[in-house]
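Numbering (our numbering), first residue to last: 77 to 278.
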Amino acid sequence: MSTSLLHHAWGIRGYTYVCTRYNIPFTSPKRSYTKRFERYAWELPRHMTIQDAARHLSVGWNTIKDIQARYLYRRFDKPKLSELRRIAIDEIYLGMHSGYPTIVMGLDSGAVVEVAEGNHAEALAPFWKRLKRSQAKVEAVATDMGPAYIKAVRENLPEAALVFDHFHITELYNEKLTELRRAIEKEAGILEKRSLKASVGF
């Protein structure tokens, strides 16, 4: 084996050099590691932190993070709306300057399929148009109990089941229970109030 070939073989293992001259099928272009190493490095953070994975493989944190980022980009860069069956709609706070964008995620794939500015009903108008053109057969939509989201789902996906997060349902139940307790206390006498405060659930 020639010196130059040894030089490239050494680089493929990811220690020193990156081979850019030859097209080698078991390594990605301009990468210092093989595709098998890349697959292994991608799997590890499912069971440990990125830092632990980097330490286990004797590489830098940025190497593992780069592998993770490129895998996610390849898998979720252009999600197919036509394949959506169950989706989730929610808002997320990204700071004072970015506000509350609305996020749409495919629950079966885990892919984020839409990021819209604002958390009002009109924010998802472009998404609904694209979804309709894709002829997706959406069966269920998970969302919070905000009137804007409920209205948008009912108008654009009237056949889909509307699903509420159980945390939101519990929160609403507790709010109504508190209102009921206050209303009863307002009408009750002194002895009845003491009895209410001592009872379970009040």
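Each residue gets a CB set at the ideal place from its N, CA and C atoms; glycine is no exception.
- CA-CA distance, Ala218 and Thr110? 40 Å
- Selected residue, minimal CA-CA separation from Ile179, among Ala187, Val191, Lys213, Gly186: Val191
- Message: Does the structure place the segment 135 to 144 close enough to the segment 160 to 168 that three or more beta carbon pairs sit under 8 Å?
- Response: no
- With burial defined as no fewer than 16 other Cβ atoms inside 10 Å of the residue's Cβ, what is the status of Leu225: buried or exposed? The sequence shown places Tyr at residue 225, rather than the Leu named in the question. It counts as buried.
- Message: Helix, strand or coil for Tyr183? Go by DSSP, reduced to three states.
- Response: Residue identity check: residue 183 is Leu in the sequence provided, not Tyr. Three-state DSSP puts Leu183 in coil, outside helix and strand.
- Task: Could you check if Ala129 is buried or exposed, using at least 16 other CB atoms within 10 Å of its CB as the buried criterion?
- Result: Buried, since its Cβ has 16 or more Cβ neighbours within 10 Å.
- Query: Who pairs with Leu238 in a beta bridge, going by DSSP?
  - Reply: Val217
- Query: What do you reckon, are the CB atoms on Ile168 and Pro177 nearer than 8 Å?
  - Reply: yes
- Query: What are the boundary residues of the beta strand (DSSP E) that Val191 is part of?
  - Reply: 188 to 192
- Task: Pull up the DSSP beta-bridge partners for Ile167, would you.
- Result: Note that residue 167 is Glu in the sequence shown, not Ile. Answer by DSSP bridge pairing, in chain order: Thr178.
- Beta-carbon contacts of Gln127 that lie in its chain and below 8 Å, excluding the five residues immediately before and after: Excluding residues within five positions, the ones whose Cβ falls inside 8 Å are Trp137.
- Message: Which same chain residues end up closer than 7 Å to Arg146 when comparing Cβ atoms and leaving out the 5 residues on each side of it in sequence?
- Response: Once the five neighbours on either side are set aside, Arg146 has no close Cβ partner at all.
- Task: In angstroms with no decimal places, state the Cα-to-Cα distance between Glu263 and Leu256.
- Result: 11 Å
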